[in-house]
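Contents: one structure, followed by commentary.
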Amino acid sequence: LQHPNIIPVYEAGELEKVPYLVFEYVEGVSLKDLIRQNGGLVIHRAVHLMRQILEGISYAHEQGVIHRDISPSNILVNKNDVPRIMDFGISVMTGTEAGPQRDLSGTPCYMSPEHFSNQPLGPQADVFSLGLVFYEMLTGQVAIQAENEFTAMYKIAHESISPPSSKNSNVDQKLDAIVLKALARNPNSRYGAASEMKKDLDDYLSPEAA
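So this is what it looks like as structure tokens:
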């Protein structure tokens, strides 16, 4: 994957029977640490970063790759405030079918409901994770707060998430609607693609154009 918002892999190999990957070195900070340091991000910066993250994920989806493990820890922000998505280690190709022994690798608090069902994992699974990341950027709080992985899985599968404006009064109704559409438990009610979510963010920034 060659995209400005994705950290590329330069080499893969094995040394003394230990496999390794060589990535581009990115000088910056993880989005997780950035959120923690600032207690969330100001609205315009959160939107600016998320639009670029959506561009990177849209590109991956166009190549038939579903990330499956999108989280603030897997996004680096460089010194020019450009987000770079990393860790495609458990990604799958579009159309991978679910089975009774589905591998639940990933970060539970950022997984989609489809991870815990027999539904295929498509681009909308990444959209749900992006909604969770955006929620955290806007509020400074993890959307799915749980004591353990099983509680997190239950909440994702069965409980609705409150709008980000309930945690940050600076978030308006239009942003609430974008986040909650990304976080719809039913994939058919969610954005069909990351590019659709990005379009709504573009329109949010330019309401007169919309």
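For what it's worth, our numbering labels the leading residue of the sequence shown as 15, then goes sequentially. Cβ atoms here follow ideal geometry from the backbone N, Cα and C, with glycine treated the same way. Because the structure is a prediction, the values reported are computed rather than measured.
Pair within 9 Å by beta-carbon distance, residue i and residue j
{"i": "P178", "j": "L219", "result": "no"}
{"i": "I80", "j": "L45", "result": "no"}
{"i": "I99", "j": "A60", "result": "no"}
{"i": "V36", "j": "A26", "result": "yes"}
{"i": "Q154", "j": "M211", "result": "This sequence places Gly at residue 154; Gln is not what is there. No; because the gap between Cβ atoms is not below 9 Å, this pair is not in contact."}
{"i": "S131", "j": "F142", "result": "no"}
{"i": "S72", "j": "Y124", "result": "no"}
{"i": "E38", "j": "I21", "result": "yes"}
{"i": "I170", "j": "P122", "result": "yes"}
{"i": "L189", "j": "I175", "result": "no"}
Residue i: CB within 8 Å of a non-hydrogen atom of the ligand GTP
{"i": "L55", "result": "Ligands are entirely absent from the displayed structure, and the ligand GTP is therefore not among its contents."}
Residue nearest to residue i in terms of C-alpha spacing, selected from the options
{"i": "E150", "options": "Q77, G54 and S174", "result": "G54"}
{"i": "V156", "options": "Y24, R50 and Y34", "result": "R50"}
{"i": "V185", "options": "F148, G78 and D140", "result": "F148"}
{"i": "R82", "options": "P137, N52 and L197", "result": "P137"}
{"i": "D47", "options": "S87, S176, L189 and M167", "result": "S87"}
{"i": "K213", "options": "H17, E28, Q66 and N182", "result": "Q66"}
{"i": "G70", "options": "D140, V43 and G42", "result": "D140"}
Residue i to residue j span [Cα, whole Å]
{"i": "M64", "j": "E30", "result": "40 Å"}
{"i": "E128", "j": "I192", "result": "20 Å"}
{"i": "Y34", "j": "Y24", "result": "11 Å"}
{"i": "L15", "j": "D217", "result": "27 Å"}
{"i": "P201", "j": "D101", "result": "24 Å"}
{"i": "L215", "j": "V32", "result": "43 Å"}
{"i": "Q187", "j": "L68", "result": "21 Å"}
{"i": "N94", "j": "N52", "result": "17 Å"}
{"i": "S180", "j": "Q77", "result": "37 Å"}
{"i": "H62", "j": "L194", "result": "18 Å"}
{"i": "H17", "j": "H172", "result": "35 Å"}
{"i": "V43", "j": "R199", "result": "31 Å"}
{"i": "E28", "j": "S183", "result": "51 Å"}
{"i": "R116", "j": "M167", "result": "Confidence at R116 is low in this model, with a pLDDT of 47, below 50, so the placement of that residue should be treated as unreliable; the coordinate-derived value is given next. For R116 and M167, the distance between alpha carbons rounds to 14 Å."}
{"i": "A203", "j": "I158", "result": "For clarity, residue 203 is Ser in the given sequence; the question names Ala instead. Distance between the alpha carbons of S203 and I158: 20 Å."}
8 Å contact criterion, which residue i and residue j should meet: CB distance rounded
{"i": "N19", "j": "V91", "result": "Rounded, the Cβ-Cβ distance is 11 Å, inconsistent with contact."}
Short CB-CB distance (under 9 Å) between residue i and chain B
{"i": "V23", "result": "Chain labels in this structure do not include chain B; a single protein chain is all it has."}
Practice task
Spell out a yes or no on whether the stretch 207-216 and the stretch 150-167 are touching, meaning 3 or more CB-CB pairs, one atom from each, closer than 8 Å.
Solution key: Taking 8 Å as the limit for Cβ pairs, the verdict is that the stretch 150-167 does not touch the stretch 207-216.
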